[in-house]
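Heads up: the structure comes next, in structure tokens.
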Ligand code: SF4
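Residue numbers (full-length UniProt numbering): 1 to 364.
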């Protein structure tokens, strides 16, 4: 099997490889094959951490990785919630975008070449029928171009004005039916292309189809666990106060770590950003809040966008149980014994405080 297909399982070639392998997914599920566990991890990581990359990549073979993708799609379909589809597709796209960057840097630079085949930008453009619509601006030999021209039609199809003012056409240089974009913006457009492909056809009907009921019954436990994770969002009171001194111990600890060590695991960054979003901070405020850390602004912006539904609803911070499961529940105090969610801790702390000064007032 081609390792590239495992790395990019939503590519047309990967779908054909799964078909050619002749593996029956119901058999995999019935035999509790490793691909099923990896498929569940894919969705779980999407819902909790905004990525589908495995935490234990060495545990899985190329075949497990490849087959876990159609299993994950079945799981997302069985969860049957629009938020699950959105979160899952966005997480697959974010993971792919990281891998594209890694592959492009390495494939363009012979010095870093390894035995693993890397994708080039041209490969990805061809995959999404964009080869004729994107061209690099000429630059000195030996350097990668920083600017590209994207055909207007493709730009308008992929770019969303909700991403920010600079994505509006009036704020772009448009010449001869093309839009000028920087390399990072081209990556954003490609991520969107991946997200749309992954979301396409989801959710599909499983129950009521040939063999579908048995498949759904076999996956009932996994689906129940994943639904619980999705429900791991709560209606928080309309909090709009940023008082870092009153943060729950877990969030203070994560904040210390990101400031001191300049890095956090993806799920920890996700939990902290979800908490900050949940207490009413907007994207610019969160970017300012993280400014003394090494967290990259584009990642922070993407995470906050990801944490917000189309309806504007927040994807909540994880519960205490989830924080404990990930080893992020630390320094518990007396108030922790009375709550089950970091947001409840913060609500109580705000209620019980004599005086509350909002961080945003100090910053103003
Ligand atoms: S009990 Fe909950 S609020 Fe307290 S530190 Fe642990 S995760 Fe945070």
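By construction, the Cβ of each residue, glycine as well, lies at the ideal position given by its N, Cα and C atoms.
Have a look at the options and flag the residue whose alpha-carbon is nearest the alpha-carbon of residue i.
i, options, result
"residue 280", "239, 253, 255", "239"
"residue 211", "13, 94, 27, 3", "27"
"residue 177", "329, 296, 97, 135", "135"
"residue 5", "47, 23, 66, 35", "66"
"residue 61", "49, 3, 160", "3"
"residue 367", "203, 157, 216", "Outside the displayed range of the chain (1 to 364) lies residue 367, so it cannot be described from this structure."
"residue 272", "320, 87, 153", "320"
"residue 204", "72, 63, 39", "72"
"residue 92", "197, 166, 145, 173", "197"
"residue 260", "293, 225, 289, 100", "293"
"residue 223", "179, 332, 29, 154", "29"
"residue 340", "81, 20, 25, 250", "250"
"residue 216", "36, 16, 22", "36"
"residue 7", "100, 16, 88", "100"
"residue 219", "122, 31, 282", "31"
"residue 33", "49, 53, 45, 59", "59"
"residue 138", "130, 132, 129, 148", "148"
"residue 262", "274, 295, 285", "295"
Just curious, the alpha helix (DSSP H) that residue i is in, first and last residue?
i, result
"residue 136", "No alpha helix (DSSP H) holds residue 136; the beta strand (DSSP E) holding it covers 134 to 136."
"residue 178", "Looking at the DSSP string, residue 178 is not in any alpha helix (DSSP H); the run it does join, the beta strand (DSSP E), is 178 to 182."
"residue 65", "62 to 79"
"residue 349", "342 to 352"
"residue 43", "34 to 49"
"residue 275", "266 to 278"
"residue 289", "283 to 289"
"residue 127", "121 to 127"
"residue 301", "297 to 306"
"residue 320", "320 to 325"
Measure the C-alpha to C-alpha separation of residue i and residue j and round it to an integer number of angstroms.
i, j, result
"residue 57", "residue 9", "15 Å"
"residue 359", "residue 43", "35 Å"
"residue 11", "residue 125", "12 Å"
"residue 51", "residue 68", "14 Å"
"residue 317", "residue 47", "11 Å"
"residue 354", "residue 299", "36 Å"
"residue 13", "residue 83", "28 Å"
"residue 312", "residue 159", "Because residue 312 sits at a pLDDT of 49, beneath the cut-off of 50, its placement in the model cannot be relied upon, and the point is left open."
"residue 121", "residue 97", "11 Å"
I'd like the span of the beta strand (DSSP E) that includes residue i, first residue to last.
i, result
"residue 151", "147 to 151"
Touching by the beta-carbon criterion (3+ pairs, under 8 Å), the segment 252 to 267 and the segment 217 to 232
no
Entirely enclosed alpha helix (DSSP H) segments - the segment 197 to 264, minimum 4 residues
212 to 218, 220 to 230, 249 to 260
With three or more beta-carbon pairs closer than 8 Å as the criterion, would you say the segment 238 to 257 touches the segment 344 to 356?
yes
With a cut-off of 8 Å, do at least 3 Cβ pairs link the segment 98 to 106 to the segment 247 to 266?
no
Using 8 Å as the cut-off, can you tell me whether the segment 66 to 84 makes contact with the segment 177 to 186, which would need three or more C-beta pairs spanning the two stretches below that distance?
no
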